[in-house]
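Structure first, then comments.
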Amino acid sequence: MPEGPSVRKFQLLTSPFVGQVVAKVGGSSQKLNVSDLNALRLQDSQAHGKNLYLAFVAPEGPFGPTAAETALQREAASGAHCPAQGQAGAPHPHSQDEELQEPQHSRSGAPEAAEGRGHWLRIHFGMFGSVRANEFSRANRANKRGDWKDPVPRLVLHFESGGFLVFYNCRMLWCSSPRADPASDILSVQFHRGRALRALCAPDPICYTLLDQRYFSGLGNIIKNEILYLARIHPLTPGSLLAPSDLEQLLDCAVQFSSEWLHNKLRGQGLHPQVYQKEQCPLGHPLMKDTVGPSGGFKRPTWWCPQCQPVVL
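Each residue of the sequence shown is one higher than the one before, counting from 1 in UniProt numbering.
Written out as structure tokens, the structure reads:
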């Protein structure tokens, strides 16, 4: 699923529409009544980790609440604050993007009690999730049945200006505020290195900790595999066995790789991974692959080079 750099790019695609009023809506979402967005103004757009947040308000008018504003208030009555990524009380100590699995595997869909009007739309993207501005995604190959069917958008927002936004493969939820923690966001200037380093010192395999969104919001499986190779650390090494200098280097790799990936995206350049989904490392060594994750948690495909990333005993 899209990682922090991709969601930051999605936010930049939506930002030119801030201040505009929705003129028409569409989409296939079953969880969101898309018609409630009609005639609302897009007030703000924010990216936090792997989540995109859009704030909507009713356009100002002298005649009291509009029908759309009433709809938002109705959503707020049954909605909640957006859950902070990796908040205490999550079903597993390793908060690794469980929320966008199929509903029966997702975190509890029952919202908490609302505290104020829920005018923020939280958008979490699934595999191949994306945002398009003023264009629709087109099929670039046939599906398993041999059909060339274009992807079906979950939400389409047409604005009075004539432009439009299209959202694919995502889950949307009304909430009263983003309630995100910038100190855990690897792309935020407020990212807290000290807290992240303390988390990396845990006795868990280092590849588990890196995906814990409480400390590394926005860091996903691609970044995990790439930075472990760059730092020459075996993915299953317990963090408590690594020297402080190794942990510092790993954290430097995480921040630098994520920032460079974002900058490349903004320049229209693709990612050129060194080990992710590869058979050999850049030095020509055969790579190992396994699907690993915490007991009872989600497993992730993991690549590493036994020669460049030796086991720490």
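Just so it is clear, CB atoms sit at the ideal spot from N, CA and C, and this is done for glycine as well.
In terms of residue numbering, what span does the alpha helix (DSSP H) encompassing residue i cover?
| i | result |
| --- | --- |
| TRP148 | Taken as a continuous stretch (DSSP letters only), TRP148 belongs to no alpha helix (DSSP H), as it is neither H nor E. |
| TYR229 | 221-230 |
| TRP8 | Checking the sequence shown, residue 8 turns out to be Arg, not Trp. Residues 4-14. |
Among the options, whose alpha-carbon lies nearest the alpha-carbon of residue i?
| i | options | result |
| --- | --- | --- |
| PRO273 | TYR229, SER240, GLY239, LYS299 | TYR229 |
| VAL280 | GLY220, SER184, ARG132, PRO306 | Sequence check: residue 280 is Gln here, not Val. Considering only alpha carbons, the answer is PRO306. |
| SER176 | PHE56, VAL34, PHE167 | PHE56 |
| ARG214 | ASP181, GLN30, VAL34, ARG138 | ASP181 |
| VAL166 | VAL255, TRP174, SER130 | SER130 |
| SER28 | ARG41, ALA196, TYR168, LEU200 | TYR168 |
| GLY4 | ASN51, ALA39, LYS24 | ASN51 |
| PRO178 | HIS124, LEU236, LEU247 | HIS124 |
| LYS31 | CYS253, ASP204, CYS170 | CYS170 |
| ASN140 | GLY19, PRO151, GLN309, ALA133 | PRO151 |
| TRP261 | LYS278, GLY218, SER161, PHE191 | GLY218 |
| VAL255 | PHE10, ARG193, SER35 | ARG193 |
| SER35 | CYS253, CYS308, ARG154, GLN277 | ARG154 |
| ASN134 | PHE17, GLN277, GLY270 | PHE17 |
| HIS119 | PRO59, HIS234, ASP252 | PRO59 |
| HIS234 | GLY163, PHE298, SER161, LEU287 | LEU287 |
Given a threshold of 16 other Cβ atoms within 10 Å of its Cβ, counted over all protein chains shown, does residue i qualify as buried or as exposed?
| i | result |
| --- | --- |
| PHE136 | exposed |
| THR302 | buried |
| PHE216 | buried |
| LYS149 | exposed |
| LEU283 | exposed |
| LEU266 | exposed |
| ASP147 | exposed |
| GLU226 | buried |
| ARG145 | exposed |
| ASP290 | exposed |
| LYS224 | buried |
| HIS285 | exposed |
| ALA196 | buried |
| residue 314 | Outside the displayed range of the chain (1 to 313) lies residue 314, so it cannot be described from this structure. |
| VAL25 | buried |
| HIS263 | exposed |
| ALA142 | exposed |
| GLY268 | exposed |
| ARG138 | exposed |
So residue i packs on residue j, CB below 8 Å; how close in whole Å?
| i | j | result |
| --- | --- | --- |
| LEU241 | VAL156 | The pair is not a contact, with the Cβ atoms about 50 Å apart (cut-off 8 Å). |
| ILE186 | SER245 | Not a contact, Cβ separation roughly 20 Å. |
| MET127 | MET1 | 5 Å |
| SER15 | SER45 | 5 Å |
| LEU54 | LEU121 | 5 Å |
| LEU250 | LEU211 | So it is not a contact: roughly 13 Å between Cβ atoms. |
| ALA47 | PHE159 | With 8 Å as the limit, ALA47 and PHE159 do not qualify as a contact, their Cβ atoms being about 20 Å apart. |
| VAL21 | ARG8 | That pair is no contact at about 25 Å. |
| TYR208 | PRO294 | 5 Å |
First and last residue of the beta strand (DSSP E) that includes residue i?
| i | result |
| --- | --- |
| ILE123 | 120-133 |
| residue 339 | Since the first and last residues shown for the chain are 1 and 313, residue 339 lies out of range. |
| PHE56 | 51-57 |
| VAL22 | 22-26 |
| SER45 | 41-48 |
Can you list, in chain order, the stretches of the beta strand (DSSP E) that have 3 or more residues and sit fully within the UniProt domain "FPG-type" (274-310)? 288-292, 300-304
ask   = Which ranges would you report for the beta strand (DSSP E) in the region 160-247 if only whole runs of at least 3 residues count?
value = 164-175
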